[in-house]
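The opening position of the first sequence corresponds to residue 27 in our numbering, with each subsequent residue numbered one higher.
Here's the structure we're looking at; comments come further down.
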Amino acid sequence: MKRSHQTAPRGRLRRLRRTELPVDTVELARYLIGQVVVHDVAEGRLVGRIVETEAYPIGDPAGHAFRGKTPRNGSLFLGRGHAYVYFVYGSSFMLNVTSEVRGVGGGVLLRALEPLEGIDLMQRSRAATRLTDLARGPGRLAEAMQIDLTQDGLDLRAAGLLWLAATAQNPGAIGNSVRIGLTRNVDRRWRFYERGNPYVSGPKRLRE
DNA sequence: TATGCGATATTCT
DNA sequence: GAATATCGCATAG
27 MKRSHQTAPR
37 GRLRRLRRTE
47 LPVDTVELAR
57 YLIGQVVVHD
67 VAEGRLVGRI
77 VETEAYPIGD
87 PAGHAFRGKT
97 PRNGSLFLGR
107 GHAYVYFVYG
117 SSFMLNVTSE
127 VRGVGGGVLL
137 RALEPLEGID
147 LMQRSRAATR
157 LTDLARGPGR
167 LAEAMQIDLT
177 QDGLDLRAAG
187 LLWLAATAQN
197 PGAIGNSVRI
207 GLTRNVDRRW
217 RFYERGNPYV
227 SGPKRLRE
């Protein structure tokens with residue numbers, strides 16, 4: 027039997043304070059499931075509920091911070107609650123939430139969102155793909171939310187245009203699995219997702 | 001549904 | 001040169 031899926035209510039959005047974010051990277055990855063990302067752009071407000079994340083903690087060879095600070099990954103070291111955005115594969119931006127204390131590199135990759143508001147704007151950015159494919163996958167997520175290097179290093183807690191918010195509704199059951207698209211440290215189960223949610227990326231066995 | 005492949009640009013060896 | 005925290009399209013079952 028397929029698990030039924032509930033859409034989060036459109037209540038008032040409450041900005042998350044930095045002190046609400048767990049300090050540990052893996053804990054933060056789990057915590058962010060069910061929370062909301064908001065990007066206020068000129069045309070309106072883009073809102074998506076986080077349904078899939080991956081942790082890249084301290085000492086992880088697959089993490090960008092593993093080899094130390096470089097011009098590219100500098101934002102990872104800003105302390106928890108900042109945006110780290112980078113460009114890969116010649117085509118995709120990736121949005122991460124930094125997760126450790128200032129000076130230490132660590133982050134959580136946001137892999138998929140359930141679109142809640144500004145869906146028409148997202149469809150314009152993504153050339154009108156199906157609703158379930160709008161922000162399913164990290165590259166699609168960034169495109170739908172209009173994320174690029176402009177947002178790299180932003181403080182997601184400050185009164186800015188890109189921010190994290192709490193939802194009134196608790197998330198459903200949270201599953202975990204190995205991370206997607208890696209070649210190093212592949213065995214760690216540091217991917218988290220809301221089980222059965224149709225907006226989660228990956229093959230079927232990684233969504234159940 | 002799942003698998004496979006090419007495209008693409010930046011970073012690092 | 002090689003690798004890359006991917007996507008979209010094609011094809012097969």
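The beta-carbon is built from N, C-alpha and C at its ideal position, and this holds for glycine as well.
Since the structure is predicted, the reported quantities are computational estimates derived from the model, not experimental observations.
| query | In whole angstroms, what separates the C-alpha of F218 from that of I173? | reply | As a working mapping, residue 218 is identified with position 192 in the first sequence. As a working mapping, residue 173 is identified with position 147 in the first sequence. If you take the alpha carbons of F218 and I173, they lie about 22 Å apart.
| field | Close-in-space but distant-in-sequence residues of the same chain around D178 (CB under 6 Å, 5 per side omitted) | value | If you number the first sequence from 1, residue 178 lands on position 152. Answer for D178: S101, V111, listed in chain order.
| query | Taking the runs of the alpha helix (DSSP H) that are 4 residues or longer, which of them lie wholly in the stretch 45 to 110? | reply | 51 to 57
| Nearest to A170 (by Cα), restricted to the options G198, T193, P141 | Stepping through the first sequence from its first residue, residue 170 is reached at position 144. Nearest of G198, T193, P141 to A170, Cα basis: P141.
| query | By Cβ distance below 7 Å, which residues in the same chain neighbour L104 in space, the five residues on each side in sequence not counted? | reply | Looking up residue 104 in the first sequence gives position 78. Correct list, in chain order: T124, R128, G179.
| R56 and R106 closer than 8 Å at C-beta | To locate residue 56, count along the first sequence from 1; it is residue 30. To locate residue 106, count along the first sequence from 1; it is residue 80. It is not a contact, given that the beta carbons lie outside the stated cut-off.
| query | Can you name the residues that DSSP bridges to T124? | reply | Position 98 of the first sequence, counted from the first residue, corresponds to residue 124. The partner list for T124 (beta bridge, DSSP) reads G133.
| message | According to DSSP, simplified to helix, strand and coil, what is I145? | response | The residue you call residue 145 lines up with position 119 of the first sequence. Three-state result, I145: helix.
| Should E234 and V77 be called a contact, given that it needs their Cβ atoms to be closer than 8 Å? | Translated into positions along the first sequence, residue 234 becomes position 208. Translated into positions along the first sequence, residue 77 becomes position 51. In this structure, V77 does not lie closer than 8 Å to E234 by Cβ.
| query | Based on the DSSP output, what are the partners of D178 in its beta bridges? | reply | As a first step, residue 178 must be located in the first sequence, where it is residue number 152. BP columns for D178 are empty, so no partner.
| message | Whole angstroms are fine: how far does the CA of G222 sit from the CA of I200? | response | Taking the first residue of the first sequence as position 1, residue 200 is located at position 174. Taking the first residue of the first sequence as position 1, residue 222 is located at position 196. If I take the Cα positions, the gap works out to 9 Å.
| Minimum C-alpha distance to E46 - residue among R156, A191, R205 | As a first step, residue 46 must be located in the first sequence, where it is residue number 20. If we check each option's Cα against that of E46, A191 comes out closest.
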